[in-house]
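Novice: Dropping a structure here in structure tokens format, bear with me for questions.
Number of protein chains: 2
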Amino acid sequence: MLITVNGKVVEESSHAVSALDRGLLLGDGVFDTVRIYSGKAFRLGLHIQRLADASRRTGIELPRDLESLLLTEIQRAAEQGLHDGFLRTTLTRGSGLGLGAQPHVPTVITVLDRLPVLPSAWYSDGIRVVTAEGRRNEMSQSSGLKTTAYLDSILAFRAAAQAHAEDAIFQDTHDHLSEGTASNLFLIADEAAWTPPVECGALPGITRAAVVEIATTLGVPVVSDRALLPILLESSSEIFLTSSVREIVPVVQCDGRAVADGKPGPITREIMNAYAEMTRCR
Amino acid sequence: MLITVNGKVVEESSHAVSALDRGLLLGDGVFDTVRIYSGKAFRLGLHIQRLADASRRTGIELPRDLESLLLTEIQRAAEQGLHDGFLRTTLTRGSGLGLGAQPHVPTVITVLDRLPVLPSAWYSDGIRVVTAEGRRNEMSQSSGLKTTAYLDSILAFRAAAQAHAEDAIFQDTHDHLSEGTASNLFLIADEAAWTPPVECGALPGITRAAVVEIATTLGVPVVSDRALLPILLESSSEIFLTSSVREIVPVVQCDGRAVADGKPGPITREIMNAYAEMTRCR
């Protein structure tokens, strides 16, 4: 694992961040995770753009040299034989208490590592999901931003594990489908692909956007601007989740019910193959 | 300022926390702030109880010796001449990525300091508030917990400052009054005190509970179990905010409209006096 704090390489075991960091004390931070394939980040520009949007909406400063900082990290990892993995960039407003404080120096943390071990059965056989008890807040001022506020996702993930499921699906506060704990949701129904809009609390995922491109190319119309009812989880012929780290994961069981015949469906497989191709050939 | 991390005193300028702390990367943390008057914490037991409740609901471990840790800190501050201030305790799940991770060692951070400078005019003349653009999520699994997720409060606070107001009032996602950015809301109307219920996303504030006691003693009936409509902000004769750090702050203007005659009202003043008495005589 390679870690930097404000551009300086630090050890995993070291103490490298202030106890007064606002990311730590007040969740005053945003982040982004990009996948690295064969020593190259996939769609790094879009990831940096999303961080820049978050910076504009939150007033958390974006380091001017962020792209070169990240490219340096990726290069350094490659030199150490780490060619495939993920790079997470966290930005916080810096150190200090007080809701209105605007410290002079923001904090930039990068973590570059191999992927977590993802069971291959997830991709061959699919995963089980449950409906999260809590709701995504589509009416939050930070909705659609990748902020560091993941406690609700953590609680939903833990509840899912207790229910022998691998992930959870959130609804928004007005009973529409939103997203997974750290992924976007796609449903195949009536020969179209449906994904909850950002207005329902979904992250504008970069893998989500890539899947929209792929589905369109494959002749599968995509609906991404309509609020979706939870009943669609029951009537869909296929369901899958998307994220940069996990890519495309088929969902074969939802709240104990099988999705269609309980096996990853043909459109999901086609999209998985096309995405694998897309990340290989940049 | 006195800071400890996992029981060890650290310097304000030092790097004392891991760059992989889950509080920092995932908002996987809760906190509490207690006021210290004349070297003694006000209602410390209730604050520790609230942290224990948060620990139970989140699975973030509560240090067994937390009370003695905090008492040691308060004692140490008193020895250095710091008799009045606040003590903030932050608990995170520890270090490591992954939504489902449960590290062996949680992180405990304490910060003890003098109060921030609060303008005396806030108390003599009252403050101005605006309605926050974003909403509190009363349907979150962590609703009612004092988690470190304060970005929405920070954004609302910054917007309030831009609108020449000192604070903002949140509604929940179903258009009911909820709370301030870091305080509970009270309204005086029809000779009763009204405060939004925890079910509308309000924190179960310890100062809020003290004010309920005081109002009842003063013969002012308190309604704390009814969802309140925002129109009540316009029809109230008095409004005030409560928190451990700021105590009781009169609100005299809301979204540009004066509250009644634009001066702190008589019931607010009576409650402020009684609270001052209560914190002096423990």
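Each protein sequence line maps, in turn, to chains A and B.
Okay, so the first sequence: first residue is 392 according to the numbering used here, each after it adds one.
Okay, so the second sequence: first residue is 392 according to the numbering used here, each after it adds one.
Heads up, the beta-carbon is just placed ideally off N, CA and C, and yes, glycines get one too.
Of all the CB atoms in chain B, is at least one closer than 8 angstroms to the CB of E524(A)?
Specialist: Taking Cβ atoms only, chain B reaches closer than 8 angstroms to E524(A), which makes this a yes.
Novice: Can you list, in chain order, the residues of its chain with a C-beta nearer than 6 angstroms to that of E371(A)? Leave out the 5 residues immediately preceding and following it.
Specialist: As displayed, chain A neither begins before 392 nor continues past 673, which places residue 371(A) out of reach and without an answer.
Novice: Which residues in chain B sit within 8 angstroms of I394(A), going by Cβ to Cβ distance?
Specialist: Per Cβ cutoff of 8 angstroms: A410 and L411.
Novice: Could you check what DSSP says for P641(B) in three-state terms: helix, strand or coil?
Specialist: Of the three classes helix, strand and coil, the one that applies to P641(B) here is strand, per DSSP.
Novice: Closest to E464(B) by CA distance: which of G517(B), I394(B), H406(B) and V499(B) is it?
Specialist: The candidate whose alpha carbon is nearest that of E464(B) is I394(B).
Novice: How far does the beta strand (DSSP E) with R426(A) in it extend, from its first residue to its last?
Specialist: That run of the beta strand (DSSP E) goes G420 to Y428.
Novice: Write down every uninterrupted run of the alpha helix (DSSP H) in the region 451-509 of chain A whose length is 4 residues or greater and which is fully enclosed by it, in chain order.
Specialist: Listed in chain order, the complete alpha helix (DSSP H) runs (minimum 4 residues) inside the region 451-509 of chain A are 457-470.
Novice: Does any C-beta atom of chain B lie closer than 8 angstroms to the C-beta of S531(A)?
Specialist: For S531(A), the answer is yes, since a Cβ of chain B falls inside 8 angstroms of its Cβ.
Novice: Looking at the secondary structure, which residues open and close the beta strand (DSSP E) in which Q562(A) lies?
Specialist: Start and end: D558 to D563.
Novice: Cα-Cα, which of L442(B), R484(B), T501(B) and V508(B) is closest to L461(B)?
Specialist: That would be T501(B), whose Cα lies nearest to the Cα of L461(B).
Novice: Is there a Cβ of chain B sitting closer than 8 angstroms to that of N575(A), yes or no?
Specialist: No, N575(A) does not count as interfacial toward chain B.
Novice: Could you tell me the distance, in whole angstroms, from the CA atom of L482(A) to the CA atom of D423(A)?
Specialist: Roughly 9 angstroms between the two C-alpha positions.
Novice: For N575(A), which beta-bridge partners are listed by DSSP?
Specialist: According to DSSP, N575(A) bridges with T633(A).
Novice: Going by CA-CA distance only, name the one from V643(A), D504(A), Y428(A) and M663(A) that's closest to K654(A).
Specialist: Considering only alpha carbons, the answer is V643(A).
Novice: Closest Cβ-Cβ distance between R368(B) and chain A: below 8 angstroms?
Specialist: Residue 368(B) lies beyond the range of chain B shown here (392 to 673); nothing can be said about it.
Novice: Identify the continuous beta strand (DSSP E) that holds R519(A) and give its terminal residues.
Specialist: I518 to R527 is the extent of the beta strand (DSSP E) around R519(A).
Novice: Could you check which residue in P507(B), V521(B), T564(B) and G571(B) has the C-alpha nearest to that of Q553(B)?
Specialist: Per the Cα distances, V521(B).
Novice: On the three-state DSSP scale, how would you describe R660(A)?
Specialist: Looking at R660(A) - three-state DSSP - the assignment turns out to be helix.
Novice: For the region 538-546 of chain A against the region 522-539 of chain B, do three or more pairs of beta-carbon atoms, one drawn from each stretch, fall closer than 8 angstroms, so that the two count as touching?
Specialist: With the cut-off at 8 angstroms, the region 538-546 of chain A and the region 522-539 of chain B touch.
Novice: Under three-state DSSP, which class holds E403(A)?
Specialist: Of the three classes helix, strand and coil, the one that applies to E403(A) here is coil, per DSSP.
Novice: I500(B) versus chain A: which residues are under 8 angstroms apart at the beta carbon?
Specialist: Result: A410, L415 and L416.
Novice: Judging by CA-CA distance, which residue of T538(A), A432(A), S405(A) and H438(A) is the nearest neighbour of R413(A)?
Specialist: Selected option, being the one with the closest Cα: T538(A).
Novice: Given 8 angstroms as the limit, is there contact between the region 556-567 of chain A and the region 471-481 of chain B, that is, 3 or more CB pairs closer than that?
Specialist: The region 556-567 of chain A, when compared against the region 471-481 of chain B, does not touch it at the 8 angstroms Cβ threshold.
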